[in-house]
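Below is one structure; the comments refer to it alone.
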Ligand code: C2O
Ligand code: CU
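See below:
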């Protein structure tokens with residue numbers, strides 16, 4: 007074996023166990039929710055008992071093409087009920103995977119077949135939507151890629167599913183899911199950040215190589231602010247949807263449940279190493295290490311186009327639109343005094359005794375099937391004015407639709423963009439608009455999963 011093919015081999019060896027296995031793209035695939043063992047922290051530690059699809063974390067990469075029918079059979083081999091939500095996909099309500107709202111839970115031993123045709127290309131993910139703060143926290147998630155008809159030319163298309171685990175000394179999962187402090191503060195923030203289920207993730211690269219990097223934040227609640235050192239990545243999509251490419255000039259903020267697609271030209275020296283660091287919270291750390299091979303792939307970056315063509319999400323009619331103010335209140339240091347729980351006004355202390363600490367428009371979202379916050383006719387344009395009156399950031403996710411982010415803190419965006427999980431910072435506002443074209447009752451909730459469990463959720467009803 008000559009040196010070059012050895013390098014190719016060794017990079018394959020280094021990479022392949024770290025990448026999620028790819029599902030066949032025949033349009034039909036099965037995944038089994040079950041227990042498994044994953045070596046998250048590394049060879050010096052025992053493997054971690056997880057719940058994963060096919061026992062893996064992340065679950066296998068499900069890849070399909072835009073406009074192609076997809077069928078996924080979800081087999082439940084856990085001891086508890088589950089269901090799977092296809093995060094960011096505009097699909098029929100009864101395929102949305104919210105047990106207790108859009109379907110009955112998949113009980114142990116049962117199988118549920120999800121069938122839908124993704125209308126928009128992009129980077130999505132799937133995850134449990136039953137006691138998600140525990141089931142996602144134990145590993146029940148995976149990537150879902152809807153390929154463009156004509157993707158931009160790259161050398162490799164990589165998925166990084168970012169997570170954040172709370173592990174004990176023996177690398178087992180701390181089972182304090184839904185702890186009171188997490189519910190009332192920043193959510194479950196862990197101590198072992200991972201990419202594709204591995205702590206201290208290493209990626210072998212070659213100088214001159216062009217990567218498409220699909221970042222998916224599968225953490226229960228952790229947000230990231232990623233820096234790429236001397237590299238100069240271009241953002242090409244946010245929450246799956248194309249944006250006019252722009253170069254990062256500040257750390258890339260990616261809230262829980264958010265996705266960002268980057269194009270990166272790896273222009274480091276052969277044989278050097280570089281890091282991707284996170285600095286969202288106080289201490290900064292290396293999330294990923296790049297290791298360059300000795301042999302460059304090319305000397306100068308490609309200059310082929312990187313822009314994605316934009317999709318077909320309907321544009322809201324800003325002249326004929328119903329406007330809804332959505333005030334988020336509560337949590338620690340939040341100043342919420344009283345709110346309605348099950349229709350009854352109560353003091354926060356009594357509400358907290360039942361495990362709830364957040365409210366939307368003074369209403370605690372303690373049930374999935376509550377009276378809707380917003381109730382509109384099909385095809386109505388809807389404007390949301392989100393007002394975060396709390397001390398914590400909230401990644402606010404709307405099911406079944408994409409929303410156009412128009413303004414942050416009253417400042418209109420130069421280029422409004424589609425989002426499904428925008429990160430609403432403390433004491434901030436956001437203006438969003440969408441066409442309510444997908445009939446059904448849809449969840450609108452904070453994707454800091456402990457916050458949702460503690461009442462930060464509501465329903466949007468789109469009439470048929
Ligand atoms: Cu990603 Cu309601 O979920
Ligand atoms: Cu929240």
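Residue numbers (my numbering): 7 to 470. Every residue, glycine too, gets a C-beta built ideally from N, C-alpha and C. Only a predicted model underlies this, so the values are computations on that prediction, with no experimental measurement involved.
For the ligand HEM, any of its heavy atoms closer than 8 Å to the Cβ of residue i?
i           : result
residue 364 : In the structure on display, the ligand HEM does not appear, and the ligands it does have are the ligand C2O and the ligand CU.
By the DSSP assignment, the beta strand (DSSP E) with residue i in it spans what residues?
i           : result
residue 342 : Element bounds for residue 342: n/a, residue is neither H nor E.
residue 281 : 279-284
residue 156 : It is not in any beta strand (DSSP E) - residue 156 carries neither H nor E in the DSSP assignment.
residue 120 : 117-122
residue 386 : 386-394
residue 413 : 409-414
residue 55  : 54-59
Can you tell me whether residue i is buried or exposed, with buried defined as 16 or more other CB within 10 angstroms of its CB?
i           : result
residue 399 : buried
residue 300 : exposed
residue 239 : buried
residue 43  : exposed
residue 92  : buried
residue 23  : Residue confidence for residue 23 is low, a pLDDT of 39 falling below 50, so the modelled location carries little weight and cannot support an answer.
residue 455 : buried
residue 141 : buried
residue 315 : exposed
residue 384 : exposed
residue 97  : buried
residue 318 : exposed
residue 359 : exposed
residue 85  : exposed
residue 407 : buried
residue 213 : buried
residue 324 : exposed
residue 113 : exposed
residue 94  : buried
Please tell me whether, using a cut-off of 8 Å, the distance from the CB of residue i to the nearest non-hydrogen atom of the ligand CU is below it.
i           : result
residue 454 : yes
residue 462 : yes
residue 400 : yes
residue 457 : yes
residue 58  : no
residue 143 : no
residue 193 : yes
Can you look up residue i in the DSSP assignment and give me helix, strand or coil?
i           : result
residue 357 : helix
residue 101 : helix
residue 298 : strand
residue 175 : coil
residue 350 : strand
residue 22  : Model confidence at residue 22 stands at a pLDDT of 37, short of 50, so the residue's coordinates are unreliable; what they give is reported in the following sentence. Three-state DSSP puts residue 22 in a helix.
residue 7   : For residue 7, the pLDDT reaches just 30, beneath the cut-off of 50, and the residue's location in the model is therefore unreliable, although a value from the coordinates is still provided. Residue state, collapsed to three classes: coil.
residue 141 : helix
residue 36  : strand
residue 133 : strand
residue 376 : coil
residue 370 : coil
residue 467 : strand
residue 243 : strand
residue 46  : coil
residue 450 : strand
Tell me where the alpha helix (DSSP H) around residue i begins and ends.
i           : result
residue 188 : 186-190
residue 458 : 455-459
residue 262 : Counting along the chain, residue 262 falls outside any alpha helix (DSSP H), and DSSP gives it neither H nor E.
Out of the options, state which residue places its alpha-carbon closest to the alpha-carbon of residue i.
i           : options            : result
residue 155 : 70, 252, 409       : 70
residue 128 : 206, 249, 89       : 249
residue 218 : 161, 469, 305      : 161
residue 394 : 340, 407, 306, 409 : 340
residue 363 : 349, 389, 334      : 334
residue 50  : 145, 175, 439      : 175
residue 268 : 113, 157, 66, 116  : 157
residue 328 : 281, 350, 391, 284 : 391
residue 440 : 256, 33, 275, 411  : 411
residue 265 : 256, 321, 169      : 169
residue 331 : 39, 207, 76, 438   : 438
residue 367 : 418, 46, 461, 206  : 461
residue 432 : 289, 353, 401, 442 : 401
residue 451 : 283, 365, 38, 202  : 365
residue 303 : 211, 246, 104, 118 : 211
residue 197 : 221, 257, 102, 293 : 293
Looking at the ligand C2O, does it come within less than 8 Å of residue i, judged from the CB to the closest heavy atom?
i           : result
residue 408 : no
residue 138 : yes
residue 227 : no
residue 263 : yes
residue 430 : no
residue 449 : yes
residue 80  : no
residue 466 : no
For chain C, is any of its Cβ atoms less than 9 Å away from the one on residue i?
i           : result
residue 153 : Looking for chain C here will not work: only one protein chain is present.
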